[in-house]
Amino acid sequence: MLNVQSTPLKGLFLIEPETSHDMRGMIRGGFHPTEYAAFGLTGRFASDKFFRGFQGSLRGLYILPDERHLLLTLVRGDVTIVAVDARPHSRQFGKVQMVDISDAQQKQIYLTGGLAYGICVRSECADWHEKYTGIVDDSSVEGIYWQDRELNISWPVKFPLVSEQDAAFSALSTRVS
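Take any residue in the sequence shown, count from 1 to its spot, add 11: that is its number in our numbering.
The following block contains the structure:
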């Protein structure tokens, strides 16, 4: 049975797919359009990516375009996921929500368009899978500076490994029109 929990940040959901264990190991459900639609989580997934991160690495904060949704499944490891409301006309604009997940919890994260997200790896290694509605074009990725002072995010790593691209993102305040 699928369990979906909303969070204080509108558009961010924690999902516990059905999981079963036996002497051979474990089976965890993935995406099923009818089950997810019953909770209002809709959208046709069109592309996906698999990621591996090493301890202390940080990816993001990537802004999901309004029309794109993301389903993130942690396969292995422990990560902190940060979501930020990047919708300039939202009442929650700039609100931050942090979620720690591990492979032992077997949770998924669902984010709707207009949110920004970042992932920080706390374990030695972490693997995760991201499914997107719409095609992801890496050349047009937008983001928010991971150390934006106004957001005051308490990342679990003091000196994370951040790519040059991600370190060059601007502050959220520059998105206000």
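Backbone N, C-alpha and C define an ideal beta-carbon position, used for all residues, glycine too.
Fill in: Sequence-distant residues of its chain with Cβ nearer than 7 Å to residue 186 (five each side left out)
97, 99
Worksheet item: Are residue 131 and residue 171 closer than 8 Å when you measure CB to CB?
Response: yes
Worksheet item: Of the choices 81, 121, 91, whose alpha-carbon is the least far from that of residue 145?
Response: 81
Practice prompt. Using 10 angstroms around the beta-carbon of residue 119, count the other beta-carbons present and answer buried if the total reaches 16, otherwise exposed.
Written response: buried
Fill in: Span separating the alpha-carbon of residue 105 from that of residue 115
30 Å
Item to complete: Have a look at 109, 159, 79 and flag the residue whose alpha-carbon is nearest the alpha-carbon of residue 59.
Response: 79
Worksheet entry | Residues near residue 153 in its chain [Cβ-Cβ closer than 7 Å; skip 5 each side] | 74
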